[in-house]
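Visitor: Structure provided below as structure tokens; questions to follow.
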Amino acid sequence: MIREEATGRVGIRREDPAYRSGWEDGRFGRTQTFVTNNSLAAWTEYPDRLSYYRGHRDGRRVREMLRSTDRSA
Numbered sequence: 005m006i007r008e009e010a011t012g013r014v015g016i017r018r019e020d021p022a023y024r025s026g027w028e029d030g031r032f033g034r035t036q037t038f039v040t041n042n043s044l045a046a047w048t049e050y051p052d053r054l055s056y057y058r059g060h061r062d063g064r065r066v067r068e069m070l071r072s073t074d075r076s077a
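Just so we're aligned, residue 5 is where the sequence shown starts under the working numbering, counting upward by one.
Quick look at the structure:
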């Protein structure tokens, strides 16, 4: 709850280029750690990095969801 309140003030929006970039990397990119992720390194400001991370997490969630529905069919 506290984390959502604190990060909600940053203003993460799905239209942000950083969010979209993260979502595409999470959904379609290769699996790698954030330490070796050059796309994340391109975003230098804190709100952009947070937006990228959230987009990546959401894209990854879609990837996992679609993978699990393919296995059940």
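A virtual CB, placed ideally from N, CA and C, is assigned to each residue, including glycine.
Is it true that the CB of Y23 sits closer than 8 Å to the CB of R31?
Guide: Locating residue 31 in the sequence shown gives position 27, where the first residue counts as 1. Locating residue 23 in the sequence shown gives position 19, where the first residue counts as 1. No, they are not a contact pair.
Visitor: Check each candidate in E49, R75, R67 and Y50 and name the one with the smallest Cα separation from E28.
Guide: Position 24 of the sequence shown, counted from the first residue, corresponds to residue 28. Out of E49, R75, R67 and Y50, R67 has the C-alpha closest to the C-alpha of E28.
Visitor: Use the C-beta contact count for S25: other C-beta atoms within 10 angstroms, 16 or more gives buried, fewer gives exposed.
Guide: Along the sequence shown, read from residue 1 onward, the residue named residue 25 stands at position 21. Classification for S25: buried.
Visitor: Going along the chain, which residues of its own chain have a beta-carbon closer than 6 Å to the beta-carbon of L44, five neighbours each way excluded?
Guide: As a working mapping, residue 44 is identified with position 40 in the sequence shown. Around L44: F38 and Y56.
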